[in-house]
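Please read the structure below before turning to the comments.
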Ligand code: ARG
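In the numbering used here, the protein residues as written are 459 to 925.
Listed below in structure tokens is the structure:
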């Protein structure tokens, strides 16, 4: 049974039932209900100031909307798909409950500037929640890194043992990725924080309204500069999901490392039972499914980004109904990313490294060959020549199936007579790590400084709503 449409004046026939359900969006955009009702209260203020509403009409609209907000919050609001979308549902309910003044609310606005305003505000609030979750992840990384500034592990390039690093340094690399993501969210928020209301359907409004009333009431930083662009712009959705995709790409890389590290072939970390799952057939299995799902879910968020770009690329100005398709993609991208950030926080705080195993693997494959070359360079040998001499030392050690530091001094002297006893000190893993003591380096001292600066940045920066 279809309800009388608020836009039904020029229609004599009723909407086809299939068309009604095909065009309806209230089953997903009701999620904007609360913010949309708050926007309507702010719009009523615009109308009051422009003397389009009397004080009595205004008060009645504000009260009616307040009751609607309470019903939405308690889950009692009777969403009706024959009323199409969240905006029509709220307006129809307001008219039903307060009568004639409710019929004046849609003066000087359109659903086109209305949906852009509500969606921007909703996404900015979501952004603040995500920033708070990311800050928790960052804190868990700082805590874990602080406990492991001296824990040596192999550092890889090409997934081949490259040079020794500290576990704290590795975790701080993750910290830096998410630090950039926090700044991306904050940049996005600033660019998005511009008020659409007053653009109306596409051309602006003929009523003498002051756009800054809505803007300041809803805490937007400024108002948009072109009405056509305002109602057709979905850059803020695409860009938000692009940042979410970048966060998911980072989470997926971290998850991939957790999966590798927990596999017995690496054996670098263990995870508590609470964070793992078993196999229905193999009784011995303890699997890192949480990390695997983070990696898997990244594809889903990146898919939404592609979907949104495709959604927008062929649309002529200004608003088209295609835009309604942006909501589910953005909601799901946000929900997924938010969940995955929380899941990664659990993994980081739950993981226990196995320093003996890390050390064992870190010692294999001549990881201090670069240190040997650097030692020669300090004795006036050109780096390229030093590289070649040490390459020969590596080949000799491989041939004898020993590590570099196990070669004798006379074997080294045969390769280059500059070698003396002091070279052996720089061939230890601890010596190699400690030598890289500069901003960004892996030495325990440098990592401790990075943790301190990371903590200060987290404490001093406000990544979310400045108001
Ligand atoms: N529900 C729509 C959306 O999400 C807004 C409706 C605008 N509809 C229209 N026919 N102008 O985009």
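All C-beta atoms in this analysis are idealised placements derived from N, C-alpha and C, irrespective of residue type, glycine included. Being a predicted model, the structure only gives us computed values, none of them experimental.
Per-residue DSSP class, three states only, for residue i
i, result
"residue 907", "helix"
"residue 735", "strand"
"residue 682", "coil"
"residue 667", "coil"
"residue 657", "coil"
"residue 852", "helix"
"residue 781", "helix"
"residue 897", "coil"
"residue 745", "strand"
"residue 876", "coil"
"residue 624", "strand"
"residue 459", "For residue 459, the pLDDT reaches just 48, beneath the cut-off of 50, and the residue's location in the model is therefore unreliable, although a value from the coordinates is still provided. Looking at residue 459 - three-state DSSP - the assignment turns out to be coil, as it is neither helix nor strand."
"residue 924", "The pLDDT assigned to residue 924 is 43, lower than 50, so where the model puts this residue is not dependable; a value taken from the coordinates is nonetheless given after this. In this structure, residue 924 counts as coil in the three-state DSSP scheme."
"residue 465", "coil"
"residue 662", "coil"
"residue 674", "helix"
"residue 773", "coil"
"residue 825", "coil"
Residues that residue i bridges to, as DSSP identifies them
i, result
"residue 614", "619"
"residue 810", "728"
"residue 652", "680"
Residue i burial status per 10 Å Cβ neighbour count (16 or more: buried)
i, result
"residue 896", "exposed"
"residue 925", "With a pLDDT of 42 at residue 925, under the threshold of 50, the modelled position of that residue is not reliable, and no figure is offered here."
"residue 425", "In this structure the chain extends from 459 to 925, so residue 425 is not present and cannot be described."
"residue 759", "buried"
"residue 558", "exposed"
"residue 465", "exposed"
"residue 933", "Nothing can be reported for residue 933, as the shown portion of the chain is limited to 459 through 925."
"residue 469", "exposed"
"residue 547", "buried"
"residue 494", "buried"
"residue 564", "buried"
"residue 572", "buried"
"residue 691", "buried"
"residue 625", "buried"
"residue 856", "exposed"
"residue 609", "buried"
"residue 499", "buried"
"residue 736", "exposed"
"residue 607", "buried"
"residue 628", "buried"
"residue 630", "buried"
"residue 556", "buried"
"residue 720", "buried"
"residue 570", "buried"
"residue 515", "buried"
"residue 680", "exposed"
"residue 829", "buried"
Cβ shell of residue i (< 8 angstroms), same chain only, five flanking positions each side left out
i, result
"residue 807", "598, 601 and 602"
"residue 636", "592, 595, 596, 599, 705 and 708"
"residue 891", "610, 622, 623, 624, 900, 901 and 902"
"residue 696", "763, 766, 767 and 770"
"residue 847", "831, 834, 839, 873 and 874"
"residue 508", "566, 665, 666, 667 and 668"
When the options are compared against residue i, the one with the closest alpha-carbon
i, options, result
"residue 819", "744, 667 and 621", "621"
"residue 694", "705, 854, 852 and 653", "653"
"residue 613", "901, 909, 915 and 680", "901"
"residue 805", "840, 710, 779 and 905", "710"
"residue 826", "623, 776 and 816", "623"
"residue 730", "840, 809, 527 and 475", "809"
"residue 792", "587, 848 and 677", "587"
"residue 584", "773, 628, 618 and 650", "650"
"residue 671", "661, 655, 721 and 871", "655"
"residue 905", "533, 877 and 632", "632"
"residue 795", "850, 899, 768 and 639", "639"
Chain-order list of residues whose beta-carbon lies under 6 angstroms from that of residue i (same chain, five-residue window excluded)
i, result
"residue 553", "560 and 561"
"residue 487", "543, 544 and 785"
"residue 535", "529"
"residue 504", "667, 671 and 672"
"residue 713", "749, 752 and 753"
"residue 581", "698"
"residue 676", "500"
"residue 787", "762, 765 and 766"
"residue 688", "654, 657 and 682"
"residue 937", "Beyond the ends of the chain as shown, which are 459 and 925, falls residue 937; an answer cannot be given."
Cβ-heavy atom distance, residue i to ligand 2, below 7 angstroms
i, result
"residue 782", "This structure lacks ligand 2; the ligands present are ligand 1."
Contact set for residue i: own chain, Cβ-Cβ below 7 angstroms, skip 5 residues either direction
i, result
"residue 756", "706, 707, 709 and 710"
"residue 798", "706, 709, 752 and 755"
Chain C contact for residue i (CB, 8 angstroms cutoff)
i, result
"residue 682", "The structure shown has no chain C; it contains just one protein chain."
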